[in-house]
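Below is one structure, written out as structure tokens; the observations come after it.
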Amino acid sequence: MKQALRRLYLGLIFVLMYAPIVTLIVLSFNKSKTRAKWGGFTMQWYRNLLENEQIMNAFYTTLIIALLSAIAATVIGTMACVAIQVMGRRSRRALMAIANIPMVNPEIVTAVSLMLVFIALRIGLGFRTILLSHITFNIPYVILSVMPKLRQTSRSTYEAALDLGASPLRAFFQVVFPDIVPGVLSGFLLSFTMSLDDFVITHFTKGPGIDTLSTKIYTEVRKGIKPEIYALSTLLFVTVLLLLILVNYSPEKKESHVKKTITRATRIRYMALRRVLPAFMALVVIAGGIYYGSQSSLTGGDSVIVYNWGEYMDPAVLELFEEETGIQVIYEEFETNEIMYPKIKTGAIAYDVVCPSDYMIQRMIEENLLAKIDFDKIPNIQNIGSTYLEKSTEFDPGNQYSVPYCWGTLGILYNKTKVDEPIDSWSVLWDERYADSILMQDSVRDAFAVALCSLGYSLNSTDLDELTAARDLLIQQKPLVQAYVVDQVRDKMIGNEAALGVIYSGEAIFTQRENPNLEYVIPKEGSNIWIDSWVIPKNAQHKENAEKFINFLCRPDIALMNFDYITYSTPNTAAQELIEDENIRSSTIAFPTDEMLENCTAYRFLGDEMDSVYNEFWNQVKSN
Amino acid sequence: MSNKLIDLSNISKAYGGHTVLDELNLYIRENEFLTLLGPSGCGKTTTLRIIGGFETPDSGQVIFDGQDITHLPPNKRQLNTVFQKYALFSHMSVAENIAFGLKIKNKSRQYIDDKIKYALKLVNLEGYENRSPESLSGGQQQRIAIARAIVNEPKVLLLDEPLGALDLKLRQDMQYELIRMKKELGITFVYVTHDQEEALTMSDTIVVMNQGYIQQIGTPEKIYNEPENAFVADFIGDSNILPGIMVEDRLVNILGATFQCVDEGFGKNTPVDVVIRPEDVDLVKPEDGTIRGVVTHLIFKGVHYEMEVTANNYEWLVHSYEMFPVGTEVGIRVVPFDIQIMNKPISEDEEAVNLEA
Chain A
8 MKQALRRLYL
18 GLIFVLMYAP
28 IVTLIVLSFN
38 KSKTRAKWGG
48 FTMQWYRNLL
58 ENEQIMNAFY
68 TTLIIALLSA
78 IAATVIGTMA
88 CVAIQVMGRR
98 SRRALMAIAN
108 IPMVNPEIVT
118 AVSLMLVFIA
128 LRIGLGFRTI
138 LLSHITFNIP
148 YVILSVMPKL
158 RQTSRSTYEA
168 ALDLGASPLR
178 AFFQVVFPDI
188 VPGVLSGFLL
198 SFTMSLDDFV
208 ITHFTKGPGI
218 DTLSTKIYTE
228 VRKGIKPEIY
238 ALSTLLFVTV
248 LLLLILVNYS
258 PEKKESHVKK
268 TITRATRIRY
278 MALRRVLPAF
288 MALVVIAGGI
298 YYGSQSSLTG
308 GDSVIVYNWG
318 EYMDPAVLEL
328 FEEETGIQVI
338 YEEFETNEIM
348 YPKIKTGAIA
358 YDVVCPSDYM
368 IQRMIEENLL
378 AKIDFDKIPN
388 IQNIGSTYLE
398 KSTEFDPGNQ
408 YSVPYCWGTL
418 GILYNKTKVD
428 EPIDSWSVLW
438 DERYADSILM
448 QDSVRDAFAV
458 ALCSLGYSLN
468 STDLDELTAA
478 RDLLIQQKPL
488 VQAYVVDQVR
498 DKMIGNEAAL
508 GVIYSGEAIF
518 TQRENPNLEY
528 VIPKEGSNIW
538 IDSWVIPKNA
548 QHKENAEKFI
558 NFLCRPDIAL
568 MNFDYITYST
578 PNTAAQELIE
588 DENIRSSTIA
598 FPTDEMLENC
608 TAYRFLGDEM
618 DSVYNEFWNQ
628 VKSN
Chain B
3 MSNKLIDLSN
13 ISKAYGGHTV
23 LDELNLYIRE
33 NEFLTLLGPS
43 GCGKTTTLRI
53 IGGFETPDSG
63 QVIFDGQDIT
73 HLPPNKRQLN
83 TVFQKYALFS
93 HMSVAENIAF
103 GLKIKNKSRQ
113 YIDDKIKYAL
123 KLVNLEGYEN
133 RSPESLSGGQ
143 QQRIAIARAI
153 VNEPKVLLLD
163 EPLGALDLKL
173 RQDMQYELIR
183 MKKELGITFV
193 YVTHDQEEAL
203 TMSDTIVVMN
213 QGYIQQIGTP
223 EKIYNEPENA
233 FVADFIGDSN
243 ILPGIMVEDR
253 LVNILGATFQ
263 CVDEGFGKNT
273 PVDVVIRPED
283 VDLVKPEDGT
293 IRGVVTHLIF
303 KGVHYEMEVT
313 ANNYEWLVHS
323 YEMFPVGTEV
333 GIRVVPFDIQ
343 IMNKPISEDE
353 EAVNLEA
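Protein chains in written order, with our numbering: chain A, 8 to 631; chain B, 3 to 359.
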């Protein structure tokens with residue numbers, strides 16, 4: 008009985024540890040694009056993965072950076088250890104404390120300070136700066152794993168080697184180094200893993216046109232993570248697993264310690280460790296160097312630096328633009344407006360063309376970060392519907408700074424099998440009949456927009472009484488809400504897990520394709536209309552190229568390509584005409600009528616003070 | 003003996019303000035077995051490390067075979083060291099350990115193999131070529147360390163407390179082994195130890211050191227029988243060190259009683275230290291002794307009895323084949339030749355660290 012309990016406990020631990028990974032592996036073979044549905048077995052994502060140049064590129068960059076930074080950090084760290092070892096006790100302690108700071112320092116602090124240093128030294132952010140940063144944060148890990156090994160080695164073996172005629176260098180490599188190899192190796196592996204893992208520091212020190220896996224995956228959060236990434240993660244996991252198994256089942260363990268003789272086998276392993284492995288690494292590094300050398304040589308010519316949301320443009324569009332204009336596109340992606348904003352504000356990188364959302368554009372205009380667009384250079388602006396330009400005046404008065412790119416609305420997605428009445432009002436979200444079947448957006452402005460609109464107030468309200476009322480309404484709604492989520496609204500609705508969900512129209516089109524029982528509505532009290540538009544920062548180096556790029560995107564055929572790829576509504580009415588699928592062309596989700604949009608307003612930036620009022624009220628709702 | 007091989011002149015060394023060696027002068031002759039003996043912290047290991055090249059003196063010169071090697075790094079010196087903790091290379095086999103120095107000198111394969119065989123034979127470990135050092139006992143490891151050093155045919159072998167980590171029986175065996183090896187090799191040994199018995203057994207010359215100063219240099223017999231000061235007397239074997247007054251030549255007053263002795267030239271009524279070895283104190287009938295005393299302690303030591311006799315307010319340590327029970331009244335007598343007179347220490351540095359008897 009006790010035995011059974013023990014096994015159960017062990018089993019439970021294993022389930023908890025491995026269930027997430029198993030889920031991931033299963034999903035990588037799932038034909039359906041959504042996490043909620045099993046659509047049959049497929050190898051499709053693996054095939055797509057190998058064909059996806061962007062991901063493979065990011066993957067290669069990640070490996071190269073991990074390898075190079077680990078090697079450099081290992082060399083530097085080991086040398087540092089040797090130096091620290093011969094110091095006096097006091098200076099050794101002081102130095103170890105200093106060496107540990109980067110490890111205990113919050114990553115974000117390290118990241119921002121590194122970025123500032125690079126900017127101050129006028130080192131262009133890019134591959135170099137990522138590498139330097141990774142080396143920097145890896146060194147303490149190497150020191151941490153080499154130092155104890157080095158302290159274990161007796162100084163007299165080193166002296167014995169000198170005594171027997173070895174030069175100090177030879178004595179170190181032949182006598183001391185073999186003793187600390189385990190520490191050096193584990194320092195190397197630790198660095199390698201830390202570098203593979205890192206997101207925050209990479210994010211702040213990377214330049215346009217370069218991505219590691221972590222930053223690449225993160226940029227995709229807005230549109231949901233692609234199944235190719237599951238496939239990639241599965242491959243990574245399996246590789247690591249195989250490596251671990253290989254390492255743990257090496258024959259070394261079988262040797263008895265008592266009568267240990269140094270055999271041919273140990274000699275061969277020693278050789279492998281000392282010659283083959285470094286040779287292999289050197290090869291990869293050289294290959295990487297050549298690869299990047301050839302890559303960077305391309306950047307010499309005319310170019311435009313684009314900073315866009317993740318997964319927010321058909322890669323074919325970029326190729327087409329390069330072909331037609333001969334201008335090289337350096338493309339970088341961001342995850343949220345708030346992550347994009349400081350990069351523009353600090354001027355770390357001179358982006359030429361950026362795609363922020365409405366309220367952020369307003370803020371950037373107010374802070375004088377944007378350049379006026381020369382609309383003579385953008386004749387294709389005529390393809391943009393006047394409704395959208397008019398809505399844009401909310402955040403860009405006079406339409407001087409921005410050209411709309413994508414837009415959408417906030418509304419209610421409902422499951423017709425669970426809700427039989429027609430829905431046209433936010434008030435349904437307070438209906439007791441749907442208790443525990445309602446999904447709310449886990450974001451301040453969206454949640455308050457719902458409450459403010461249903462009370463008949465403006466969703467840009469700054470009136471404390473109105474906000475208090477909205478807050479109380481949200482608190483009152485809380486018991487009925489199944490969950491406050493962001494991404495999962497889509498999956499949960501597809502999986503029939505809830506009856507009603509607050510969602511953006513772009514997601515709604517996708518969910519409808521997966522589950523025909525779902526319907527989307529913009530409530531009659533009004534809602535949010537969001538617009539992502541192209542703007543040109545003040546410090547852009549290639550303003551004309553940026554305008555060419557914007558003009559290119561406004562071409563109907565190009566806008567259509569992007570619409571097909573992104574599936575968010577396009578403000579390009581000429582492109583809308585070109586849509587072949589009748590259902591989509593006339594879909595009121597993708598293209599609501601003007602009267603449906605009548606009550607819709609874009610979010611405005613309300614100032615830092617109001618921002619904190621909203622946040623405080625939202626915290627009160629969530630913690631209530 | 004033959005000429006000076008190593009000559010240390012005016013060597014000083016300090017660590018962070020703490021003086022370890024102060025103006026040390028010492029020479030070592032060819033083919034000599036010289037032992038640096040003293041308590042820990044006396045500077046003996048530092049002296050050895052300066053000879054080996056692991057430390058550079060703050061001032062002074064090291065002359066080796068007529069050449070100044072004060073600043074020569076250890077790998078350029080024609081001497082080899084056997085370290086206290088063996089310092090074998092654990093990732094190499096015994097043969098590889100021994101071949102280490104020879105490979106650096108680019109000797110031929112055949113030469114190296116022959117040397118390994120020869121060295122292993124010398125240290126009585128034939129057939130151990132492919133063993134890992136970690137699989138050997140402490141004594142065996144020390145022999146390998148010696149073998150590794152001597153294959154390089156050094157002119158001098160430095161040994162830093164090589165037997166310190168071994169147990170008593172093994173240590174005694176190794177002492178004989180070392181003497182045998184020394185004879186076979188015909189090279190100079192510089193040996194560091196804090197074990198006076200080891201020093202007395204093996205050395206041609208003993209250098210007794212304390213607090214960075216040489217206290218006495220001499221043959222084992224001379225050091226034992228004629229210690230020059232109270233520190234040496236106390237450090238080498240057990241001693242009774244008594245305050246005395248040299249009345250005149252050949253006459254000394256100890257604890258109020260007058261003894262005959264053989265020393266001359268201390269002047270009249272000079273305060274001195276008197277050393278009397280415990281085995282030189284003869285216990286006789288009370289009326290026959292120079293001083294009377296009472297036995298206060300008695301321990302059987304195997305070869306002899308060890309007793310403490312209180313006489314004239316001093317506890318005399320006595321070794322004797324005869325047994326006198328506690329409480330017995332005895333007389334103390336000392337043959338004049340066995341009384342060793344020493345000058346009182348002049349400087350503070352020279353003063354014996356009063357090791358408790």
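We treat Cβ as the ideally placed atom computed from N, Cα and C, and that holds for glycine.
8 Å contact criterion, which residue i and residue j should meet: CB distance rounded
i: B:VAL209; j: B:THR48; result: Going by Cβ atoms, the distance from B:VAL209 to B:THR48 rounds to 13 Å, so no, they are not a contact pair.
i: A:ALA609; j: A:TRP541; result: About 16 Å; that fails the 8 Å criterion.
i: B:GLN333; j: B:PRO288; result: For clarity, residue 333 of chain B is Gly in the given sequence; the question names Gln instead. Yes, they are in contact, since the Cβ atoms of B:GLY333 and B:PRO288 sit about 5 Å apart, within 8 Å.
i: B:ILE189; j: B:LEU168; result: At roughly 22 Å, the Cβ-Cβ gap does not stay under 8 Å, so B:ILE189 and B:LEU168 are not in contact.
i: B:ARG31; j: B:ASN5; result: 7 Å
i: A:ASN569; j: A:VAL324; result: 6 Å
8 Å Cβ cutoff, residue i in contact with chain A
i: B:ALA167; result: no
i: B:ASN154; result: yes
i: B:ILE106; result: yes
i: B:LYS15; result: no
i: B:HIS93; result: yes
i: B:LEU7; result: no
i: B:ILE52; result: no
Residue i, buried or exposed, once every other Cβ within 10 Å from all chains shown has been counted against 16
i: B:GLN142; result: buried
i: A:GLY46; result: exposed
i: A:THR30; result: exposed
i: B:ASP175; result: exposed
i: A:PRO258; result: Note that A:PRO258 has pLDDT 48, beneath the 50 cutoff, so the model's placement of it is unreliable and no number is given.
i: A:ASP427; result: exposed
Backbone secondary structure at residue i - three-state DSSP
i: A:LYS267; result: Low confidence applies here, because A:LYS267 scores a pLDDT of 49, under 50, leaving its location unreliable and the question unanswered by this model.
i: A:ASP470; result: coil
i: B:ASN108; result: coil
i: A:HIS210; result: helix
i: A:LYS545; result: coil
i: A:LEU567; result: helix
i: A:PRO530; result: coil
i: A:GLY415; result: strand
i: A:GLY133; result: coil
i: A:ILE578; result: Sequence check: residue 578 of chain A is Pro here, not Ile. Three-state DSSP puts A:PRO578 in coil, outside helix and strand.
i: B:HIS73; result: coil
i: A:THR588; result: Reading off the sequence shown, one finds Asp at residue 588 of chain A, where the question assumed Thr. In the structure shown, A:ASP588 sits in coil (DSSP, three-state: anything other than H, G, I, E or B).
Chain B contact for residue i (CB, 8 Å cutoff)
i: A:VAL153; result: no
i: A:GLY194; result: no
i: A:ILE91; result: no
i: A:LEU176; result: no
i: A:VAL182; result: yes
Proximal residues of chain B, C-beta to C-beta of residue i below 7 Å
i: A:SER163; result: PHE85, LYS87 and ALA89
i: A:PRO185; result: HIS93
Closer than 8 Å at the beta carbon, the chain A residues around residue i
i: B:GLY129; result: Neighbours of B:GLY129 on chain A: none; closest Cβ ~12 Å, over 8 Å.
i: B:PRO76; result: GLU166, LEU169 and ASP170
i: B:ASN82; result: ASP170 and LEU171
Neighbour list for residue i in chain A, Cβ cutoff strictly below 9 Å
i: B:HIS20; result: Result: empty, since nearest Cβ-Cβ is about 14 Å, beyond 9 Å.
Contact list for residue i against chain A, beta-carbon separation under 7 Å
i: B:GLY103; result: LEU171 and GLY172
i: B:PHE56; result: GLU166
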